[in-house]
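Visitor: Dropping the structure in here first, questions after.
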Amino acid sequence: MSKGYNLKDNVIIIERDLNELDFFVLDFLEILKKHSDYLVVSGYVSISTGRTRATEDVDVLVPLMDKKEFGELFNELRTSGFWCYQGDEVDEIFPYFENMTSLRMARDDEIFPNIELVPFDKTKKSKDYEFNHFQKIRIENFEFKIPILEFEILYKELVLAGKKDVEDAKHLRNFFSDLLDEEKFKECRSIILSEMKNGKNKNSDK
Amino acid sequence: MEKIKIPINDEDYVEIYSLALKENNKFFKQHKIIINSQIASSRQIFRNKFGNSKDFKKQAREYLKKIGVIN
Chain A
1 MSKGYNLKDN VIIIERDLNE LDFFVLDFLE ILKKHSDYLV VSGYVSISTG
51 RTRATEDVDV LVPLMDKKEF GELFNELRTS GFWCYQGDEV DEIFPYFENM
101 TSLRMARDDE IFPNIELVPF DKTKKSKDYE FNHFQKIRIE NFEFKIPILE
151 FEILYKELVL AGKKDVEDAK HLRNFFSDLL DEEKFKECRS IILSEMKNGK
201 NKNSDK
Chain B
1 MEKIKIPIND EDYVEIYSLA LKENNKFFKQ HKIIINSQIA SSRQIFRNKF
51 GNSKDFKKQA REYLKKIGVI N
């Protein structure tokens, strides 16, 4: 009998095989990483660590980039077998990205699952905080970045707060109970509540 | 003998499963079956609905607009 996860050199290693959803995310991130930093957030964080539920999208935060950088990323994704719900050309898609509207991309000839690429800048305090306070996670040879667990849990409990979000948070609290840190909870709570108070999460697309 | 909590609602089941998974990774086998099954079903549904034709994107976009995923 082996534990569900282990911690090695501050990387959380989930003791399981890769599944089809992981391969989809892995293929997308392999391309994205060549062009930009990123953070995987929301549902996939819980699902990849054992929460057993369906999902349609995988949310990935990316910092805003200029049109040239974005075009290189977008064109490589297109030629690597991904299509974008909103359009096929950089000129058509970049205005969405520039306005910090999420883009959705799936594999050619498929709709779900899709990646929801969520652009942000430093005016988005919560997103900027989680982006800069990440946790590495590994499943077999697939390593990727997620927010620190305390932030992810509180964001689900306080901001998203739907039934599945509360259940996701419950999963994370139980599964990672040995790793959670009260001081980090305090710091994250303060960041999230401050932004909620300022009303900046009203139209959050996370 | 450890007392087992009787699950009442969905959150209770989430708790039981996550605690079991934490101590024993064999439960990830069920997790993999369910996730892979969802992906396979979704792929099949939309291939049946829109086919593999060059019109896939056109038809998919019309569908996504209809259900309000894109504008």
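Protein chains in written order, with my numbering: chain A, 1 to 206; chain B, 1 to 71. We put the beta carbon where it would ideally sit given N, CA and C, even for glycine.
Could you list the residues in the stretch 111–145 of chain A with a C-beta less than 8 angstroms from some C-beta on chain B, going in chain order?
Guide: The residues in question are Ile111, Phe112 and Pro113.
Visitor: Starting from the C-beta of A/Ala106, find all residues in its chain whose C-beta is less than 6 angstroms away, skip the five residues before and the five after it, and write them out in chain order.
Guide: Cβ within range, chain order: Asn114.
Visitor: Can a CB atom of chain A be found closer than 8 angstroms to the CB of B/Asn48?
Guide: Answer no: the Cβ-Cβ gap between B/Asn48 and chain A never drops below 8 angstroms.
Visitor: Please compile the residues from chain A whose C-beta is within a distance smaller than 9 angstroms of the C-beta of B/Ile73.
Guide: Here chain B covers residues 1 to 71 and nothing more, so residue 73 of chain B does not appear.
Visitor: Pairs of beta-carbons, one from the stretch 146–159 of chain A and one from the stretch 41–58 of chain A, closer than 8 angstroms: are there three or more?
Guide: Result yes; three or more Cβ-Cβ pairs closer than 8 angstroms.
Visitor: With a threshold of 16 other CB atoms inside 10 Å of the CB of A/Glu92, please say whether the residue is buried or exposed.
Guide: A/Glu92 comes out exposed.
Visitor: Under the rule that 16 or more other beta-carbon atoms within 10 Å means buried, what is B/Pro7, buried or exposed?
Guide: Classification for B/Pro7: exposed.
Visitor: Just the C-alpha distance for A/Lys206 and A/Phe24, rounded to the nearest angstrom, thanks.
Guide: Summary for A/Lys206: the model assigns pLDDT 46, below 50, so the residue's position carries little reliability, and this model does not support an answer.
Visitor: Hey, is the stretch 159–169 of chain A in contact with the stretch 42–58 of chain A, meaning 3+ C-beta pairs nearer than 8 angstroms?
Guide: They touch, by the three-pair rule.
Visitor: Thinking C-alpha only, which one of A/Ile153, A/Asp17 and A/Lys124 is nearest A/Ser194?
Guide: Here the closest residue by C-alpha is A/Lys124.
Visitor: Exposed or buried, A/Gln135, counting other C-beta atoms within 10 Å across all chains shown (16 or more means buried)?
Guide: When all chains shown are included, A/Gln135 counts as buried.
Visitor: Using only alpha-carbon positions, find the residue among A/Lys33, A/Arg16 and A/Lys34 that is nearest to B/Lys32.
Guide: For the residues A/Lys33, A/Arg16 and A/Lys34, the minimum Cα distance to B/Lys32 belongs to A/Arg16.
Visitor: Using the beta-carbon count (16 or more within 10 Å), is A/Val11 buried or exposed?
Guide: So A/Val11 ends up on the exposed side.
Visitor: Using CA atoms only, rank isn't needed, just tell me which of A/Trp83, A/Ser80, A/Asn75 and A/Ser102 is closest to A/Val90.
Guide: Residue A/Asn75 is the option with its Cα nearest to A/Val90.
Visitor: With distance defined between alpha-carbon atoms, name the residue in A/Met196, A/Ile137, A/Met65 and A/Ile153 nearest to A/Asp9.
Guide: Checking every option, the nearest Cα to that of A/Asp9 belongs to A/Ile137.
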